[in-house]
Every structure is written in C-alpha cells, then in structure tokens.
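Counting from 2, one number per residue, gives the positions in the sequence shown under the numbering used here.
Here the structure is laid out as structure tokens; the discussion comes afterwards.
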Amino acid sequence: MGSFINPRSQHCLKSELDLFGVKPTQVSVEHSQWVEYLPLSTLTDSGPVEFLISGTGEDYIDLANTMLLCTARITNADGSELANDAAVAPVNYWLHSLWGQVDLSLNNKTVTPSSNTYPYRAYLETLLSFGEEAKRSQLTSSLWAKDAAGQHDTIANANGGFRLRKQLSAGSRAVEMIGKLHLDMMFQNRYLLNGVDVKVRLSRSKDAFSLMAAQDAEFRINIRDVRLYARKVHPSAPVLMGHIKALQRGTAKYPITRGEIKVFSVPRGDLSTNQEGLIRGQIPKRIVIGFVDNDAYNGAYHKNPFNFKHLNVNFLALYQDGRMIPGKALQPDYANRRYIRSFLTMFSGTGTFFENSGNGIDVADYSRGFTLYCFDLTPDQSDLASFDLVRHGNVRLTANFSAPLDSSVNIVVYSEYENIIEIDRHRNVIFDFAA
C-alpha cells in the first residue's frame, strides 16, 4: 500500500461504493402548470401591450419560466402584402427588437428602469452569454439569426442573417416567435410569493429600428398576436405555512443581477471622447461598451442598430475614482489587425476566460460589427456566487480615435449590478437601487 501524498489528506469513499443511499424526494411543490394570459386591451400596431398575472390564491409564480409569444408580419406602408422578393427583413433577435421598452411591476411598483433601450440589453446579453449551438437552435425561436461579419448593413444574400430573416418573413408571411423577456426578475430562479400581482407592459420600437431595407423605403409591422405564458407553482402546505411564519420575522428576498443601459453621444469630427459621468453611484460588477451610428440607434431602415463599429479606436480605458481599468489601457490598431487584447475582454470581462465556452465571435469577426469592450469591476475579478461589498464612486471613460469621426455616434454602455428586491408579509415590494 502506498503512502498519502500529504498527511493532511482525508479518507474518501467513491460514490460507486455507496450502495445503500437513495436520492432525495421532492415534496415541496405539489403541482405546476403553464397559464396563458392575453393582453388587457385590443392589439394595435403601435400601441403598448399590457399583461396582468394575478397573484391571488396559493400559487406562486415562476418568473424564470415565463415566456412571451408574439406573431408579427411585415407589410407595405399602405398595409398591402409584400412581394416575395421585397428587400426587407427584421433585424436580429426580432422578438425583442420589436419592443423599445419593457416594464415589469410587482403590486404596481415598477422594478425596471424607464428607458427605451430594451433591444440593446436583450441583444448584448444574448450575444455575450450564449454559445453558437444555442444561437443556432433554441434561440432561433426568438428569430436570432446572426448578421455576417462586415455585412451588418447589407440587405442582400451576402448577409446570411438578413437572408434567413427575409426568407422567413417574405410575402408578408406571419412569423411566430417565443422566448423569455430580458428582465432582472426573470433571470433569477426564486418563485414569486402569492399575493403579488405582476404587470408587464411592452412599448413598441420604431418600425425603422426593427426592420432593415433600402434608405428610402417605408414599411409597416403588423402585430398579429401577443400572449404571455406564466408557470404557476403550487407549494405544499408545510412550505406555505413555513413561509407565512418566516414572513412574520423578515422579508422574502430576491437577489437579482440588475442590467442597465446608458447611452452617450459623440459628435461628428471628434478625435476623442471623455465621459466623466459614465457611472455615478453604485459601482457595477461589469461594464460593456460599444459604438453604434447615431442614426442607426434612432432608427433608420438602411442602418443596422446592432452594428458595433471599431471606429479606429486606438486608446480606450475606464477610470474608477482615478484608477485605470485595465491596468494598461487598450490600444488596438484596427488598420493593422492588432486588437487581440480588446477581443479577449469579451471573455475576461464576462467570466468566461479560458473556459470551455464561447459566444460564436472569432477574432476576425470582432472588428467587423462585433467590437465590444468588456470590463470586470469586481475586486477579485471572479464570477462567484457570493456578493461583493457595495462600492460607490465614479467611473470615467476615455477613448481616442485615429481619425476624426465621419458621423455622430452613440456609446452604448451596458452595466450589471448586484441588488436585492424584498417583499414583506403585507406584500409590499421594497428595494433601493440607489443605495
């Protein structure tokens, strides 16, 4: 028999020799079911769509498994059907690009930011968090079809994403889509207490934002059907009683990763930008930065709103209370294809560095419509299950360009924060995102 590699090493038993144990039995949930909800009012092509999920009764709501189904089609501006060869198609991730703003309220208290940047949150979270396999399979149900690198603004077969989306919607064919909304409470797994009503309000994007076509084109999006599918869960009686007793002593707590989008403008002709107030207040755990044309951001048929350009950036850094992030600024040289450190931030800044995972973007693609700069601002730069201390301060962005900007651009800034939403026994919803 050999010796221990270290005397502090403990004995262990292989699981294959555990011949007498049995796996645990789930008894906390008695049953669950999907419930379909229709809009509160008649659908229109431009008006908001609202849903109410009642919290009455003993059922809890599984928000993480709540989905939006939408059926839409494209018509000519006068409402007539498209010709089969009409050069128009939805932009990528159409289920989410259709909606400029999505609000979620719990017992009439809104827990989402009032901002018309929802498509950018949905796109960036999906682009950076899902691998190529998911994007080619389950995410196609939300009409994810990646634009070809360097062809984002192309309305021809050279852009494979445009070609696929055009085929699906040609001739004013109705396109059915389903997926999970990109909302903080829908990206956490804890069931929502009974007695809490959930209201979802979806407000439309401009048609010129969510469609791609020629510059002088004009089309209309016709929303045929929108439904919400929520999973209701019925806990066992002991769990219900246990929660009632626990609520006498404290609050139910829902840890969330709060996503927020901010947008800053840079005028045409500038050689640099210095955004002093990029972040003020709570320091986020992660920041993603990208540049898009101003007219694409505001909605232009001939411009793809998700074409993140490199703009010949030759210096980019964040400063948190004067400390440079990263320790040495990013100094890409796109003209000579030297931008590997910038490319790598998509992994080092998102907790996937040297992991067996990816996002479907390679080095060559990065500089052709997928140029994003990602920064991990946590103290230990590790994506762990624990919270970090809440820190407050200022984050500044400095970026230089090797040539004056040809047109006005917008800086799209996505940031993630750790927060908690609490609910007390009276079903009051409590949070302070500014604390």
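Beta carbons are placed, not taken as given, at the ideal position from N, Cα and C, and that holds for glycine.
Since the model is a prediction, treat every value here as computed from it, not as a measurement.
So what's HIS97 in DSSP terms, helix, strand or just coil?
Reduced to three states, the DSSP call for HIS97 is helix.
Given a threshold of 16 other Cβ atoms within 10 Å of its Cβ, counted over all protein chains shown, does THR43 qualify as buried or as exposed?
Under this definition THR43 is an exposed residue.
Does DSSP classify ALA209 as helix, strand or coil?
The answer is helix: DSSP assigns ALA209 an H, G or I state.
Can you round the beta-carbon distance between LYS200 and GLU51 to whole angstroms, since I take them to be within the 8 angstroms contact cut?
Rounded, the Cβ-Cβ distance is 7 angstroms, consistent with contact.
Using 8 angstroms as the threshold, is the C-beta distance between ASP208 and ARG221 below it?
A contact, by the Cβ cut-off of 8 angstroms.
Counting only the same chain and skipping the five closest in sequence on each side, list residues whose C-beta sits under 8 angstroms from that of LEU144.
If we look at LEU144 and ignore the five residues flanking it on each side, its Cβ neighbours are PRO91, ASN93, TYR94, TRP95, LEU96, ARG166, LEU169, VAL176 and MET178.
For a quick check, are the C-beta atoms of ILE326 and MET347 less than 8 angstroms apart?
For ILE326 and MET347, no; Cβs fall outside 8 angstroms.
What does a CB cutoff of less than 7 angstroms around ASP46 pick up in its chain, not counting 5 residues either side in sequence?
ARG221, ILE222, ASN223 and ILE224, listed in sequence order.
Tell me which same chain residues have a C-beta within less than 6 angstroms of the C-beta of ASN401, skipping the five on either side of it?
Closer than 6 angstroms at Cβ, skipping near neighbours: SER273, ASN315 and PHE316.
Can you have a look at ILE280 and say buried or exposed, based on whether 16 or more other CB atoms are within 10 angstroms of its CB?
Per the 10 Å Cβ criterion, buried.
Please report how far the alpha carbon of MET187 lies from the alpha carbon of ALA238, in whole angstroms.
Taking the straight line from one Cα to the other gives about 25 angstroms.
If ASP198 and GLY56 are in contact, beta carbons under 8 angstroms, what's the gap, nearest whole angstrom?
Correct: roughly 5 angstroms between the Cβ atoms.
Under the assumption that ASP104 contacts ARG202 (Cβ atoms under 8 angstroms), give the Cβ distance between them as a whole number of angstroms.
Right, their Cβ atoms sit about 4 angstroms apart.
Span of the beta strand (DSSP E) holding LYS329?
324-331 is the extent of the beta strand (DSSP E) around LYS329.
Below 8 angstroms, how does it come out for the segment 262-277 and the segment 405-414: are there three or more Cβ pairs, yes or no?
Yes: at least three Cβ pairs fall under 8 angstroms.
Can we say the segment 413-428 touches the segment 252-259, given the rule of at least three CB pairs closer than 8 angstroms?
Output reads yes: the segment 252-259 touches the segment 413-428.
When DSSP labels each residue in this structure, what does HIS235 get in the three-state scheme?
Here HIS235 sits in strand by DSSP.
Measuring CA to CA, which of ASN195, ALA123 and LEU373 is closest to ILE245?
Closest option to ILE245, Cα to Cα, is ASN195.
Based on Cα-Cα distance, which residue from ALA135, VAL234, GLY162 and PRO380 lies nearest to GLN321?
Nearest option by C-alpha distance: PRO380.
Which residues mark the beginning and the end of the alpha helix (DSSP H) in which GLU82 is found?
First-last for GLU82: undefined, no H or E at that position.
Please state whether DSSP places ILE245 in a helix, a strand or coil.
Helix.
Who pairs with ASP1 in a beta bridge, going by DSSP?
It is not possible to answer for residue 1, since the shown part of the chain is limited to 2 through 436.
In chain order, what are the residue ranges of uninterrupted beta strand (DSSP E) at least 3 long that sit wholly in the segment 16-64?
The qualifying runs are 30-38 and 50-54.
Cutting at 8 angstroms between CB atoms, please list the residues of its own chain near LEU345, excluding the five before and the five after it.
Within the same chain, LEU345 has close Cβ partners PHE354.
What first and last residue would you give for the alpha helix (DSSP H) that runs through ILE341?
Here the alpha helix (DSSP H) through ILE341 covers 341-349.
Can you give me the C-alpha to C-alpha distance between SER206 and MET213, rounded to a whole angstrom?
Using only the alpha carbons, I get a separation of about 13 angstroms.
Mind listing, in chain order, the continuous beta strand (DSSP E) runs of no fewer than 3 residues lying wholly within the segment 100-179?
DSSP runs (the beta strand (DSSP E)) wholly in the segment 100-179: 100-107.
On a CA-only basis, which of GLU134, TYR119 and ALA123 is nearest ASN360? Give me that one, please.
Of the candidates GLU134, TYR119 and ALA123, the one whose C-alpha sits nearest the C-alpha of ASN360 is GLU134.
Output needed for GLY350: all residues of its chain with C-beta closer than 6 angstroms, excluding positions within five of it in sequence on either side, in chain order.
The answer, listed in chain order, is CYS375, PHE376 and ASP377.
Go ahead and label ASN429 buried or exposed: buried means 16 or more other beta carbons lie within 10 angstroms of its beta carbon, across all protein chains shown.
Exposed is the call here.
Terminal residues of the continuous beta strand (DSSP E) containing TYR255?
Segment 253-267, the beta strand (DSSP E) holding TYR255.
Closer than 7 angstroms to a non-hydrogen atom of the ligand ADP - does that hold for the CB of GLU177?
Inclusion of the ligand ADP in the displayed structure is not the case, the ligand content being empty and no account of it being possible.
SER29 and VAL240 look like a contact to me (Cβ under 8 angstroms); what is the Cβ gap, rounded to whole Å?
About 5 angstroms separates the two Cβ atoms, so the contact holds.
Near LEU39, which residues of its chain fall below 7 angstroms by C-beta distance, leaving aside the five closest residues on each side in sequence?
Closer than 7 angstroms at Cβ, skipping near neighbours: ARG228.
Can the beta-carbon of ASP438 be found less than 8 angstroms from the beta-carbon of THR76?
Given that the chain is displayed from residue 2 to residue 436, the structure contains no residue 438 and the question cannot be resolved.
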